[in-house]
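Numbering (our numbering), first residue to last: 67 to 204. For every residue, glycine included, the Cβ atom is placed at its ideal position computed from N, Cα and C. The model shown is predicted, which means the values in this text are computed figures rather than measured ones. One structure is given below, encoded as structure tokens.
Written as structure tokens, this is what we have:
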């Protein structure tokens, strides 16, 4: 992973707030049971999961690294992320693999322990993966 990323919001002192409450506050931004592609695009413009930048900033920073690390994958393979938060890193990886390496039809899996993040992650991935030729694994 790149080492020049600013400290994230996850690095703050949780004296007054648990990590779950931090994410529940972020979840309140999303008041829908399903998301459109436009909704996902709006979420990409915000800092999320405690990252120091939005989706597009982080994607620019990680593209070269992800392209190198995932270059052995082929279309139809699966990827898994532990502690996947709201699913944006998984989505970013799938986008980079398609754009940079032509890899598609990926089966995407993730696990997360914060319930509100799981809900958003499922919404984001269900909405955004199909148009780029991949899907949530089953």
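Could you tell me whether the Cβ atoms of residue i and residue j are closer together than 8 angstroms?
i	j	result
residue 199	residue 150	no
residue 155	residue 161	no
residue 123	residue 166	no
How would you label residue i, buried or exposed, when you count the other beta carbons within 10 angstroms and need 16 or more for buried?
i	result
residue 131	exposed
residue 229	Within the shown structure, residues of the chain are numbered from 67 to 204, placing residue 229 beyond reach of any answer.
residue 126	exposed
residue 204	exposed
residue 179	exposed
residue 159	buried
Could you check where the alpha helix (DSSP H) with residue i kicks off and where it finishes?
i	result
residue 96	That residue, residue 96, is in no alpha helix (DSSP H); it is neither H nor E in DSSP.
residue 121	121–135
Write down the C-beta distance between residue i and residue j rounded to the nearest angstrom, noting that I regard them as a contact closer than 8 angstroms.
i	j	result
residue 120	residue 110	6 angstroms
Exercise. Enumerated in chain order, which unbroken segments of the beta strand (DSSP E) with a length of 3 residues or greater are wholly contained in the stretch 162–203?
Worked result: Those beta strand (DSSP E) runs which fall completely within the stretch 162–203 and span 3+ residues are 173–177.
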